[in-house]
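A.B. asks:
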Amino acid sequence: MSVRIAEEEQVERTDCVVLAALLHDIDDWKYTGLDSTDRARAFLQTQVLTVDAEKIEFVLKIIKGIGFKEELGSEKDAIGAIGVARCLTYGGHKKRGLYDPAIPPLSDMNKDAYMANKGGLTLNHFYEKLFKLKDMMKTRAGRRIAESRHAYMVEYVERIQAEIAGWA
11 MSVRIAEEEQ VERTDCVVLA ALLHDIDDWK YTGLDSTDRA RAFLQTQVLT VDAEKIEFVL
71 KIIKGIGFKE ELGSEKDAIG AIGVARCLTY GGHKKRGLYD PAIPPLSDMN KDAYMANKGG
131 LTLNHFYEKL FKLKDMMKTR AGRRIAESRH AYMVEYVERI QAEIAGWA
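Heads up, the sequence shown is in my numbering, so the first residue is 11 and it goes up one at a time.
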């Protein structure tokens, strides 16, 4: 996905985009608790023999969010059919409930509130994060891809809520 967007947006350094796409989660604050690129830097310096210092800095710049980090692929995979599957799988893995009409989604969560919301409901996650991703896309290609994927998620959530309520 990252290469497709980079090519459509005529980004010259697709090699750096690919490296950033592969490494952007290695230092993800959701898992490490840190806002850092130390692990990505170490990997590039020790494991990838053809990456010079200038290229490493450019890759890290992308990873830090300068450019189009949100569109590297994982955010695209967080929405649409793959996003639905990932969300349901993760919710099941964490033993989260699917839906409770008495528990509304949290709104306007910042990073700390998002991290503290460990026991949220799976369908609430669509409202709390996934439905917002479409509007975070920075490129024409990203916005175009996100539109149809977003529409699918909305249709899915509306359908499952209707089935749970006995309307469908």
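Note that beta-carbon positions come from the ideal geometry of N, C-alpha and C, so glycine has one too.
Spatial neighbours of residue 91 within its chain, please: C-beta separation below 7 Å, excluding the five flanking residues on both sides.
C.D. replies: Only 162 meet the Cβ criterion.
A.B. asks: How would you call residue 159, buried or exposed, if buried means at least 16 neighbouring beta carbons within 10 angstroms?
C.D. replies: The residue is buried, with at least 16 neighbouring Cβ atoms inside 10 Å.
A.B. asks: Could you spell out where the alpha helix (DSSP H) holding residue 106 opens and where it closes?
C.D. replies: Careful: residue 106 lies outside any alpha helix (DSSP H) and carries neither H nor E.
A.B. asks: What are the boundary residues of the alpha helix (DSSP H) that residue 52 is part of?
C.D. replies: Looking at the DSSP string, the run of the alpha helix (DSSP H) that includes residue 52 is 48-57.
A.B. asks: State the DSSP-derived secondary structure class of residue 120, mapped to helix, strand or coil.
C.D. replies: DSSP places residue 120 in coil when its eight states are reduced to three.
A.B. asks: Looking at the structure shown, is residue 37 part of a helix, part of a strand, or coil, going by DSSP?
C.D. replies: Three-state result, residue 37: coil.
A.B. asks: Report the rounded CA-to-CA distance for residue 135 versus residue 97, giving the unit in angstroms.
C.D. replies: One C-alpha to the other measures close to 8 Å.
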